[in-house]
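Report on the structure given below.
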DNA sequence: CCCCAGAAGCAAATATCTGTGCTTACGATG
DNA sequence: CATCGTAAGCACAGATATTTGCTTCTGGGG
């Protein structure tokens with residue numbers, strides 16, 4: 006009596022629904038053939054009633070933001086390597102590896118899509134960005150605590166984060182060999 | 006008899022409609038309060054019947070692509086300064102100036118939004134990118150013709166284009182002073 | 001073991017978007 | 001100035017997306 010001869014469809018717990026919906030978003034963004042992202046499609050792919058999605062998240066933006074936050078935290082281990090250079094390199098390596106997969110690129114695109122579309126006072130967008138850059142700020146804080154002098158966040162943005170995002174967005178594969186090292190060397194090499 | 010006592014609404018020529026619709030897209034992306042971008046909203050803002058938009062462009066993606074192409078070409082003069090460095094600097098200065106305005110940032114975001122959402126063979130996305138980078142390739146070609154040795158497109162992507170795009174997307178203002186020079190110097194300074 | 005709060009599923013109503021047939025104005029051409 | 005092709009506008013007809021009222025299940029505390 007493990008399953009009751011597959012009755013229409015079993016009801017799942019909130020956490021299962023949440024995970025299934027998140028995964029459906031990634032699947033739709035990465036895998037298929039150009040359908041556009043909307044809540045009915047997501048719900049169907051997740052095998053969840055669309056009303057559940059509407060009631061829980063309310064809008065596609067909110068769903069994307071929730072998914073992105075969850076996944077970014079889950080996928081960045083961020084263990085302390087003992088040096089600024091090591092931490093940055095680990096971050097770059099993980100990031101480059103991730104954007105080699107369609108799912109990884111989809112996650113980055115979701116970050117962009119989840120940015121508040123409006124916001125005349127663009128502070129909100131900048132805050133959104135800060136939240137996404139939490140891990141980089143932690144690397145900087147640890148470096149400072151060690152007595153190292155990390156580059157300002159803006160420079161890390163320009164030389165490390167930006168190439169990673171833009172390549173993911175435009176689907177430009179990073180060079181095969183030594184790319185994370187190249188970016189980190191450029192960043193730490195000359196400190197203008 | 007210049008205007009007939011403002012009858013419901015005068016019909017405009019195709020070119021006027023096109024321009025009005027393009028402008029409406031930029032307005033909706035930059036200015037207002039978070040409404041999402043869709044064809045009825047664009048048509049209403051442009052003062053155009055929505056069927057005209059559907060018939061001419063067919064989809065939001067196509068409209069965005071058309072608008073982006075038109076505006077990017079119009080807004081990049083690309084006069085030959087006589088040197089690679091001068092051309093890159095001019096490009097960077099124009100780009101940085103443009104993303105200081107909400108409309109400029111909106112245009113960049115539209116570039117991202119107009120990227121094909123699907124495309125398992127991501128070649129199409131890369132081609133889309135190439136088309137957008139036409140001006141940069143022209144700068145490289147001119148430099149080669151002069152006997153200069155421009156950096157590969159990939160490096161220009163990482164060090165010049167990427168910071169520009171990411172800042173526009175996340176709404177991070179560039180540093181007030183000397184930012185274009187900083188980026189170009191970094192790019193041309195060390196040639197790893 | 002029973003009860004309750006919270007959330008999922010279902011069905012149906014509403015709102016919104018997308019597409020079609022037709023009419024009418026614009027502007028180019030002769 | 002007359003004619004004609006193109007594209008805009010209008011009204012209406014699907015097709016989709018969003019929301020609501022209600023029922024039913026799940027899991028945690030008494």
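Protein chains in written order, with the numbering used here: chain R, 6 to 197; chain B, 6 to 197.
Just so you know, even glycine gets a beta-carbon here, dropped at the ideal spot from N, CA and C.
{"Query": "Coil, strand or helix - residue 83 of chain R by DSSP", "Result": "coil"}
{"Query": "Extent of the continuous alpha helix (DSSP H) to which residue 56 of chain R belongs", "Result": "55–62"}
{"Query": "For residue 90 of chain R and residue 96 of chain R, the rounded distance between their alpha carbons", "Result": "10 Å"}
{"Query": "Three-way DSSP call (helix, strand, coil) for residue 156 of chain B in this model", "Result": "coil"}
{"Query": "Cβ-Cβ distance between residue 120 of chain R and residue 105 of chain R below 8 Å", "Result": "no"}
{"Query": "Those runs of the alpha helix (DSSP H) which lie wholly inside the segment 156–183 of chain R and span at least 4 residues", "Result": "158–161, 167–175"}
{"Query": "is_contact[residue 97 of chain R, chain B] using C-beta, thresh 8 Å", "Result": "no"}
{"Query": "Buried versus exposed call for residue 100 of chain R [16 or more other C-beta atoms within 10 Å across all chains shown]", "Result": "buried"}
{"Query": "Residue 131 of chain R at chain B interface by Cβ criterion, 8 Å", "Result": "yes"}
{"Query": "Straight-line Cα distance separating residue 162 of chain R from residue 156 of chain R", "Result": "10 Å"}
{"Query": "Which of helix, strand or coil DSSP assigns to residue 100 of chain R", "Result": "helix"}
{"Query": "Contact belief for residue 30 of chain R with residue 115 of chain R at Cβ below 8 Å, rounded distance in angstroms", "Result": "7 Å"}
{"Query": "Cβ pair count under 8 Å reaching 3, the segment 134–142 of chain R against the segment 67–84 of chain R", "Result": "yes"}
{"Query": "Reduced DSSP category for residue 32 of chain R - H, G, I as helix; E, B as strand; rest coil", "Result": "helix"}
{"Query": "Minimum Cβ-Cβ distance from residue 185 of chain R to chain B less than 8 Å", "Result": "no"}
{"Query": "Cβ shell of residue 59 of chain B (< 7 Å), same chain only, five flanking positions each side left out", "Result": "44"}
{"Query": "Residue of R/184, R/92, R/54, R/21 minimising C-alpha distance to residue 143 of chain R", "Result": "R/92"}
{"Query": "Neighbour flag for residue 162 of chain B against chain R, beta carbons, 8 Å", "Result": "yes"}
{"Query": "Burial state of residue 182 of chain B (16 or more Cβ within 10 Å)", "Result": "exposed"}
{"Query": "Candidates B/145, B/180, B/174, B/57, of which the one nearest residue 193 of chain B by Cα", "Result": "B/145"}
{"Query": "Minimum C-alpha distance to residue 33 of chain B - residue among B/23, B/47, B/84", "Result": "B/47"}
{"Query": "Cβ neighbour criterion (16 or more within 10 Å) applied to residue 185 of chain B", "Result": "buried"}
{"Query": "Minimum C-alpha distance to residue 35 of chain R - residue among R/109, R/188, R/167, R/178", "Result": "R/109"}
{"Query": "Spatial neighbours of residue 53 of chain B in its chain, beta-carbon cut-off 7 Å, leaving aside the 5 residues before and after", "Result": "22, 25, 26"}
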